Each structure stands twice: as structure tokens, then as C-alpha cells.
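Numbering-wise (my numbering), the sequence shown opens with residue 33 and increments by one. In this text, a Cβ means the ideal position worked out from N, Cα and C, and glycines have one as well. These numbers were taken from a predicted model, which means no experiment stands behind them.
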Amino acid sequence: MDELWEEQPREGGAPATADEEQALSLPFLSEPEPGKSPAVKAVRKAFKGTAHLSNLLPTGTVLTFQVLSPVFTNDGKCKTDVAKMTTFVLLFLCAFLCFLQSFTDSFRDEKGKVRYGMATFRGLWIIDGLPSSLQPTDAENFRIRFLDFVHASLSFFVFVAVAMFDKNVVSCFCPTPSEEMEEFMASVPVAVGIICSILFLLFPTRRRGIGFPTSGR
């Protein structure tokens with residue numbers, strides 16, 4: 033057995049050096065680390081864009097609407113004008129929340145606790161804490177920008193598109209739609225969703241408001 037561990041002579045009779053022996057024992061260290069391929073980079077960008085999209089789409093409001101929609105519409109029947117009115121109020125409130133949540137943001141105070149606030153033209157109006165928990169110089173970074181109105185409008189239209197797909201809402205306001213109306217309600221929401229999704233991916237937001245992932249700031 034000891035003969036197996038004897039040093040093998042190199043060609044010409046010279047023994048192997050220490051560096052060569054280490055390279056032979058750990059061959060993976062001598063190979064260069066492969067770079068990231070274009071496919072890997074594309075997949076990473078796709079996942080990153082999907083994360084931005086999931087942050088911007090009004091998923092929480094849509095879920096609330098889908099839960100309350102059968103109750104307010106009486107499973108799409110809406111036998112009275114009161115049912116139609118309450119359903120319209122529900123649609124308006126959910127759409128307004130989708131618009132409003134684009135202006136919410138969060139930060140961490142000195143103790144590391146997450147604080148939420150509403151963006152204004154002067155800074156951030158803190159909802160669940162003291163105004164002194166955010167420095168005036170840092171508050172300027174949370175001011176309302178034009179991109180916030182773009183995101184808010186897109187969220188509003190996305191919710192309207194989702195609401196047009198809800199069978200209870202369609203049966204409530206249009207129980208016997210014409211053929212043209214059916215084509216309109218089948219194509220327009222899809223087009224709105226695709227366009228808004230592309231714009232969301234092209235212009236991501238830095239805000240982490242209510243219902244968004246916790247802010248690292």
C-alpha cells in the first residue's frame with residue numbers, strides 16, 4: 033500500500049514541484065471561473081422585472097374586491113338599484129385605493145422600526161410615527177414626483193381592467209350584453225393589462241408603501 037503513495041517522477045527524472053502537486057490535487061482551482069452567459073443575464077432581468085411588476089400591481093385591492101364583489105352584487109344579480117349603487121361605490125373605493133397606494137412609502141427610524149407615510153410635495157407625511165423620526169434632509173427624497181402619478185394612473189387602469197373581467201360586475205351592470213360589447217370587454221382589458229405591465233417594467237418605482245415589501249432605507 034505504501035507504494036501507491038510514492039512520488040511519481042516527472043519525465044526526465046525530475047520530481048514534481050509543490051505548486052504542480054497542489055494544482056493536480058485541486059484541479060478546479062486552476063480552471064477560470066466561467067462568466068455569466070447572456071441567457072443567465074436575461075433570466076435575471078426577467079425575474080427582477082417580475083418583482084417590480086408584483087410590487088406595482090394592486091394585488092391586495094384586487095383580492096379584497098374579488099371577495100366583496102359576490103356579496104355586493106348578490107352573485108351578479110343586482111335586483112335593485114341599491115345593489116348597483118353599492119357595487120359602484122365598491123368599485124370607486126377600490127380604484128381610489130389603487131391610485132392612492134402609489135403615493136405611500138416607508139423608511140426605518142433610528143431604532144430600525146419600519147414607519148409608513150404619505151408622499152407630499154414637501155416630503156413625507158408620517159402616518160404611524162412622530163415627524164421628528166425622519167430628518168428634514170432625508171424627507172426631501174420622498175417628495176412626490178411625476179413618475180408617481182404615472183404609476184398611480186397605471187394601477188387605476190389595471191384595476192378597472194380586472195374589474196371588467198369579473199363576471200359578477202358584468203352581470204350586474206350589463207346582464208344581456210350585445211355581441212359588440214362582449215368583444216369590447218374581452219379585448220380591452222387584455223390590451224390595458226399588457227400595456228400597463230410593459231410600462232411598469234420599463235419605469236419601476238423605488239417606493240415601498242403599504243402592502244409592499246419592507247423598505248431597506
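- Message: For Thr208, list the residues DSSP reports as bridge partners.
- Response: Within the sequence shown, the letter at position 176 stands for residue 208. In the DSSP assignment, no residue is bridged to Thr208.
- Query: Under three-state DSSP, which class holds Ser138?
  - Reply: One-based indexing of the sequence shown puts residue 138 at position 106. Reduced to three states, the DSSP call for Ser138 is strand.
- Message: Looking at Ala195: is its Cβ nearer than 8 angstroms to the Cβ of Ser134?
- Response: If you number the sequence shown from 1, residue 195 lands on position 163. If you number the sequence shown from 1, residue 134 lands on position 102. Note that the C-beta distance between Ala195 and Ser134 is not below 8 angstroms.
- Message: Suppose you measure from the CA of Thr105 to the CA of Glu142; what does that come to, to the nearest Å?
- Response: Along the sequence shown, read from residue 1 onward, the residue named residue 105 stands at position 73. Along the sequence shown, read from residue 1 onward, the residue named residue 142 stands at position 110. Put simply, the backbone Cα of Thr105 is about 47 angstroms away from that of Glu142.
- Message: Quick check: the Cα distance between Leu122 and Trp157, rounded to an integer number of angstroms?
- Response: Here residue 122 refers to the residue found at position 90 of the sequence shown. Here residue 157 refers to the residue found at position 125 of the sequence shown. So the alpha carbons of these two residues sit roughly 27 angstroms apart.
- Boundaries (first-last residue) of the alpha helix (DSSP H) holding Gly108: If you number the sequence shown from 1, residue 108 lands on position 76. Looking at the DSSP string, Gly108 is not in any alpha helix (DSSP H), and its letter there is neither H nor E.
- Any contact of the stretch 111-126 with the stretch 170-190, i.e. 3+ C-beta pairs under 8 angstroms? When Cβ pairs closer than 8 angstroms are counted between the two stretches, the stretch 111-126 is seen not to touch the stretch 170-190, the count staying below three.
- Taking the CB atoms as reference points, tell me whether Leu186 and Phe139 lie closer together than 8 angstroms. Residue numbering aside, residue 186 sits at position 154 when the sequence shown is read from its first letter. Residue numbering aside, residue 139 sits at position 107 when the sequence shown is read from its first letter. Going by C-beta atoms, Leu186 is not nearer than 8 angstroms to Phe139.
- Query: Taking the C-alpha atoms as reference points, what is the distance between Leu159 and Phe131?
  - Reply: Against the sequence shown, residue 159 aligns to sequence position 127. Against the sequence shown, residue 131 aligns to sequence position 99. The residue you asked about is not Leu; residue 159 is Ile in the sequence shown. Spanning the two alpha carbons is a distance of roughly 18 angstroms.
- Can you check whether the CB of Cys204 is closer than 8 angstroms to the CB of Met213? Locating residue 213 in the sequence shown gives position 181, counting from the first residue. Locating residue 204 in the sequence shown gives position 172, counting from the first residue. Cys204 is positioned such that its CB atom lies no closer than 8 angstroms to that of Met213.
- Task: Give a yes or no on whether the C-beta atoms belonging to Cys126 and Thr91 are separated by under 8 angstroms.
- Result: Here residue 126 refers to the residue found at position 94 when the sequence shown is read from its first residue. Here residue 91 refers to the residue found at position 59 when the sequence shown is read from its first residue. Not a contact, by the Cβ cut-off of 8 angstroms.
- Cα separation between Gly155 and Ser69? The count along the sequence shown starts at 1 and reaches residue 155 at position 123. The count along the sequence shown starts at 1 and reaches residue 69 at position 37. The straight-line gap from Cα to Cα measures roughly 42 angstroms.
- Item | Residue range of the unbroken beta strand (DSSP E) whose run includes Ile158 | Here residue 158 is taken as the residue at index 126 of the sequence shown, counted from 1. Residue range 156-158 is occupied by the beta strand (DSSP E) that includes Ile158.
- Query: If you run the structure through DSSP and keep just helix, strand and coil, what is Gly144?
  - Reply: Against the sequence shown, residue 144 aligns to sequence position 112. For Gly144, the secondary structure class from DSSP, reduced to helix, strand or coil, is coil.
- Query: In chain order, what residues of the same chain have a beta carbon less than 6 angstroms from the beta carbon of Thr119, not counting five sequence neighbours either side?
  - Reply: Your numbering for residue 119 matches position 87 in the sequence shown. Correct list, in chain order: Phe104, Thr105, Cys204.
- Task: Tell me, please, which residues DSSP counts as bridged to Ala151.
- Result: Locating residue 151 in the sequence shown gives position 119, where the first residue counts as 1. The bridge partners DSSP lists for Ala151 are Leu156.
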